[in-house]
Structure formats: structure tokens, C-alpha cells
């Protein structure tokens, strides 16, 4: 297997960016001794520029098994790919298999000689993911924060606050929340901000008003919404895990003979374009998936090319409230 730019950088004690510019472009303002050391290490390690110039991996495995049909993350990954390729990097997806061989994520990256990895929509506590992050291969995460690893996230605190306050401004006082799996930074942030905003406005949150769900699980959302609406004192507005879940919420309301938004209101999250075609148009928070993908590519390439001087601080991308017709006035 051909050595990678990262292998040479480690051997010579310089950043991968310096190695890349010496071997690929032939231009780098370093001393002749350092240049010769890089060239010698490349020869000794068997580096082949023709087949190993630039290569990034994407580790992506959503719990709903939607893969690249996942409406939100597909947009992020597409913008990541476009931005990476514009900088001369190939993009490949990471899996557990090469032919008939089963390997860890790290082993796969090493086998492919990847220069960096973007990690999104996966179990971030998975030991194999943690092993990869701690391996020294430059990584960037989407919607999760590890120490010393750059990350890109939407401003979820602002998004939830704006949704809740929008509903309050329309007269809602009984607001419930169905959230996604609560083992993620995103979900914990959204739940925390929901409680904080409700407390700020002196509004109670009964225990029954906060339900655990799954992102993109339409049927589970239908069941959760039905249970909320059958409570002795049901909520007038329900925040959903994401836009797709509105399909389940809509069905539950219909089965109970309730009108949207006259009898019950709903708000989604993500701002998926296709969901904006449903009438009444969904009130939601639009996450800027294209910006998230571009930022992830920029941060990862910076880590590869600039090494220790690259920022490792998380980047929070602003969100936008879309005032649709699924949150109505109360009173």
C-alpha cells in the first residue's frame, strides 16, 4: 500500500500541508535540508503521488438507515463533497469491508490512506469512532463536539428559543416537545433550551409534555402525538424532532378529528425544502445545510494543510425561523 502524506508528515515532524505542497505542487518555503528529508521519506515509504495526492473520507451511518436519501444530511454531504473537490480532494465513504475482509473504521482509513475524515450522523460514543478520532488522522465532526477536534453545528439554542417564543407570541401556553434520541449533543442542547425558554416565560412543562422519540421516525411520532393529544390537559402546540416527523403528527391529528392549526399546532426542525410544499406550510427552523457542509470541508482541509495552526474551535452556523401556517393563534 502506498504511503500517505500524513505518514510522511509524521516521519519528518512537519504538517501534512507542507508535505503536500512539497510533493504535489513542488512549492514550499522551507529549508533545503527539510525539503530533502521530505523527498527522502517519500521515497523510503513508497509514496506514489499519482495515486495518493488528496483523499478524504466520510463516516456516515444514520440510525434510520436512509443513507444518502436522508434529506438533511444528504444536503450537508453534497456541499461537503463539492467544497472538498474544489480544493482537489477526492471523497470516499468509509465502511467496514474491503472485499471479504472486515475491519475497523480506523483500519479502513489506514488501508485507503485517507488524509482526513468528516464524521456525521453516527453513534459518536461508538468505540470505533472514538478510536478513529484519537488516532491522529485529522477529523471534523458535524453535530457533535469532541475535545480538540473541530466541529460544525447549527445554532440549536437560538433555533429552539425562536420556535418556542414564536408559539408563545401567538398565545400558546401549553407547549410540548418530542425530541430525537437524547444521546447527542444536538438533542441535549434542544431539550435544555426548551426548558430554559419556558422557565424564562414562567410557563410550566408537565413531565408528560416532553417525549423521547427518534429523528425521522414518522410512525413513532404519530404514536407520541396521539398520546399527547389524549392527555386530560393536552398541549396546544407540539415541537417535533424534525420536519419529516410532521407527516406522523399530521396523521395523528387527522385520526383524532383535529384541524391544523385551528385545534392543534405543530412546528418542525431542519427546513427541508420538500416539506415546505405541504399545506398548511410547516412552521420550522431552517438549518443551513449547504453552509454546514462547506464549513466542515474548510475546517478539515485546514487541519490537514495547516496542522497545529488550524483552529479547533467549533463553528456554529446561524439558523432561520420559517413562519409557516402550522402554528396558529390561541385565545
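Numbering (our numbering), first residue to last: 16 to 346. Glycine residues also receive a C-beta, built at the ideal position from the N, C-alpha and C atoms. What you are looking at is a predicted structure, and each value in this text was computed from that prediction instead of being measured.
Review point. Just checking, does the region 119-135 make contact with the region 288-304 on the three C-beta pairs under 8 angstroms criterion?
Key: no
**Study point:** Assigned secondary structure, residue 223 (DSSP; H/G/I helix, E/B strand, else coil)
**Key:** Reduced to three states, the DSSP call for residue 223 is helix.
Exercise for review: Pull up the DSSP beta-bridge partners for residue 187, would you.
Suggested key: Paired residue(s): none; residue 187 is not in a bridge.
**Study point:** Where residue 90 falls, given that 16 or more other Cβ within 10 Å makes a residue buried
**Key:** So residue 90 counts as buried.
Point to revise | Reduced DSSP category for residue 67 - H, G, I as helix; E, B as strand; rest coil | key: Here residue 67 scores only 48 on pLDDT, less than 50, and its place in the model is too uncertain to base an answer on.
Check your understanding: If we call anything under 8 angstroms between Cβ atoms a contact, is residue 254 one with residue 226?
Key -> no
**Study point:** alpha helix (DSSP H) segment containing residue 267, residue limits
**Key:** For residue 267, the uninterrupted alpha helix (DSSP H) run begins and ends at 261-270, by DSSP.
Exercise for review: May I ask you to report which of helix, strand or coil DSSP gives residue 158?
Suggested key: coil
Practice item. List the DSSP bridge partners of residue 299. Key: 337
**Study point:** Sequence-distant residues of its chain with Cβ nearer than 7 angstroms to residue 220 (five each side left out)
**Key:** 210, 213
Practice item. Spell out the partners DSSP gives residue 331 in its beta bridges. Key: 168
**Study point:** Cα-Cα separation between residue 131 and residue 216, rounded to whole angstroms
**Key:** 45 angstroms
Exercise for review: Return the CA-CA distance between residue 149 and residue 29, expressed in angstroms with no decimal places.
Suggested key: Distance from the CA of residue 149 to the CA of residue 29, rounded to the nearest whole angstrom, comes to 19 angstroms.
Exercise for review: Could you name the residues of the same chain whose beta carbon sits closer than 6 angstroms to that of residue 262, not counting the 5 residues immediately before and after it, in chain order?
Suggested key: 233
Review point. Is it right to say residue 165 is buried, meaning 16 or more other beta carbons lie within 10 angstroms of its own, or is it exposed?
Key: Looking at its Cβ environment, which holds 16 or more other Cβ atoms inside 10 Å, residue 165 is buried.
Check your understanding: Per DSSP, what kind of secondary structure is residue 147 in: helix, strand or coil?
Key -> Looking at residue 147 - three-state DSSP - the assignment turns out to be helix.
Exercise for review: Please report how far the alpha carbon of residue 87 lies from the alpha carbon of residue 133, in whole angstroms.
Suggested key: 16 angstroms
Check your understanding: Any idea which residues DSSP pairs residue 255 with across the strands?
Key -> Partner(s): none; residue 255 has no beta bridge.
Exercise for review: Out of 344, 170, 63, state which residue places its alpha-carbon closest to the alpha-carbon of residue 332.
Suggested key: 170
Review point. From 159, 175, 176, pick the residue whose C-alpha is nearest to that of residue 168; which is it?
Key: 159
Exercise for review: Look up residue 72 in the DSSP assignment and say whether it is helix, strand or coil.
Suggested key: strand
Practice item. Ignore the nearest five residues each way along the sequence and tell me which others in residue 312's own chain have a CB closer than 7 angstroms to its CB. Key: 95, 98, 99
Check your understanding: Helix, strand or coil: which one does DSSP assign to residue 94?
Key -> helix
**Study point:** Alpha-carbon to alpha-carbon, residue 104 and residue 316
**Key:** 9 angstroms
Review point. Are the region 137-147 and the region 274-289 in contact at 8 angstroms, needing three or more beta carbon pairs?
Key: With the cut-off at 8 angstroms, the region 137-147 and the region 274-289 do not touch.
Exercise for review: Taking the CB atoms as reference points, tell me whether residue 61 and residue 124 lie closer together than 8 angstroms.
Suggested key: no
Review point. Ends of the beta strand (DSSP E) at residue 107?
Key: 105-108
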